[in-house]
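Report on the following structure.
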């Protein structure tokens, strides 16, 4: 695992709150160095107290053995399945659309196991932020590393595409054990939680880029670096085209093709899974040849086909609780029921500040 003090982060500054060294070439012009005292004063407001309590609980979880965390995660996952009607409905809708060949009983089992697996990921993540990952990295199984070496031999930067699976932040240290892990991310809506997460991700990630820092990321890749980009979610129609995902038209980002075109990067896919008995695995795909083309629908279709292959390996570990089919072609109704205001939604809104 890399030395945190040598990591480059677009959001970091030399301070108590951000104990890392910054490569200012990749710092967004929209972001300025922030006095850590300002951060502390801001986050002492009562609206952040629930977040501080949550952070404290997560910090305690980091020191529990992994088998204990997985038992807790499974129990909380069962509870989430039973009481989380909205997420259960989203997962059920997605799985019904993607696996029509399954029986109703098989689909419901997949819904339940996917929610449990995702909850395990949330419970495991604190160990990646604050715990000792060395024993788990030593047991890591790496598949297809020859494809990564082939990509490196081409002497270009590497755009590593992937999907969102249930091991969440636990995947970062595993990826960094194999290559210098840098990533693109979506900031958390809660600024305190986002600051804590990004600070601790510096332990296993170098540069981190958000959607406002694409130009910096392109320059970073052109210099021969590797960046991971999870490109399987629905961010609306603006930078997307419709392409089949499990046979269903889904808004699919054109950004990966644009980045690959701008950088001339070698493209391959990375997926990470929980194999059981405390063993985790990372899988590299063969180099993604002849990508991108001038046809954005073809690019998006091929991208979705690769994500499908990953999902079918461990379908219960995919993040089915995301509204993957939220954006519909013109004239098609929504496949999801209307959102309802719940106590948990009000609580999350309060915690965002």
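In full-length UniProt numbering, the protein residues as written are 1 to 353. Note that the Cβ used here is the ideal one computed from N, Cα and C, for glycine as well.
Is the region 73 to 88 touching the region 306 to 317, taking contact as three or more C-beta pairs under 8 Å?
-> no
Decide if the region 215 to 234 is in contact with the region 153 to 167; the criterion is three or more beta carbon pairs, one per stretch, under 8 Å apart.
-> yes
When we look at the beta-carbon of residue 53 and count the other beta-carbons within 10 Å, is it buried (16 or more) or exposed?
-> exposed
Of the residues 337, 263 and 338, which one's Cα is nearest the Cα of residue 155?
-> 263
Excluding the five sequence neighbours on either side, which residues of its own chain have a C-beta within less than 6 Å of the C-beta of residue 69, listed in chain order?
-> 123 and 124
Straight-line CA distance for residue 114 to residue 92?
-> 10 Å
Determine the burial state of residue 136: buried for a count of at least 16 other Cβ atoms within 10 Å of its Cβ, exposed for fewer.
-> buried
What are the boundary residues of the beta strand (DSSP E) that residue 143 is part of?
-> 141 to 143
In three-state terms, what does DSSP make of residue 283?
-> strand
Which residue comes first and which comes last in the alpha helix (DSSP H) that contains residue 193?
-> 191 to 201
Check whether residue 248 and residue 300 have beta carbons under 7 Å apart | no
Which two residues bound the contiguous beta strand (DSSP E) that contains residue 272?
-> 266 to 276
Report all residues from its chain with a CB closer than 7 Å to the CB of residue 337; omit the five preceding and five following residues, and keep chain order.
-> 89
If you pair each beta-carbon of the region 255 to 270 with each one of the region 287 to 297, do three or more pairs fall below 8 Å?
-> yes
Where the alpha helix (DSSP H) through residue 174 begins and ends = 171 to 176
Residue(s) in a DSSP beta bridge with residue 165 = 318
Beta carbon of residue 234, beta carbon of residue 327: below 7 Å?
-> yes
How big is the Cα-Cα spacing for residue 148 and residue 252?
-> 25 Å
Rounded straight-line distance, which links the Cα of residue 62 to that of residue 266 | 36 Å
Could I get the ranges of all uninterrupted beta strand (DSSP E) runs contained in the region 199 to 244, with 3 residues as the minimum, in chain order?
-> 226 to 230
If we call anything under 7 Å between Cβ atoms a contact, is residue 140 one with residue 165?
-> no
Any idea which residues DSSP pairs residue 249 with across the strands?
-> 244
Return yes when the Cβ of residue 204 is within less than 7 Å of the Cβ of residue 184, no when it is not.
-> no
Assigned exposure category for residue 18 - 16 Cβ within 10 Å defines buried = Note on residue 18: pLDDT 34, under 50, position unreliable in the model; no value is reported.
Residue 22 to residue 323 span [Cα, whole Å] = Only weak support is given to the placement of residue 22: the predicted model assigns it a pLDDT of 36, under 50, and the value that follows is read from those uncertain coordinates. Rounded to the nearest angstrom, the two C-alpha atoms are 35 Å apart.
Neighbourhood of residue 34 by C-beta, 6 Å cutoff - its chain only, sequence neighbours within 5 removed = Because residue 34 carries a pLDDT of 45, less than 50, the predicted location of this residue cannot be relied on, and the following value inherits that uncertainty. Around residue 34: no qualifying Cβ.
Out of curiosity, what's the CA-to-CA distance linking residue 213 and residue 198?
-> 15 Å
Per-residue DSSP class, three states only, for residue 310 | helix
For residue 200 versus residue 243, is the C-beta distance shorter than 7 Å?
-> no
Residues that DSSP places opposite residue 158 in a beta bridge = 226 and 266
Would you mind sorting residue 104 into buried or exposed? The rule is 16 or more other CB atoms within 10 Å of its CB.
-> exposed
From 133, 276, 87 and 321, pick the residue whose C-alpha is nearest to that of residue 340; which is it?
-> 87
Secondary structure at residue 183, three-state DSSP: helix, strand or coil?
-> strand
Given residue 116 as reference, the closest of 316, 277, 331 and 330 once Cα atoms are compared | 316
For residue 284 and residue 145, believed in contact at Cβ under 8 Å, the rounded distance = 6 Å
8 Å contact criterion, which residue 335 and residue 97 should meet: CB distance rounded | 7 Å
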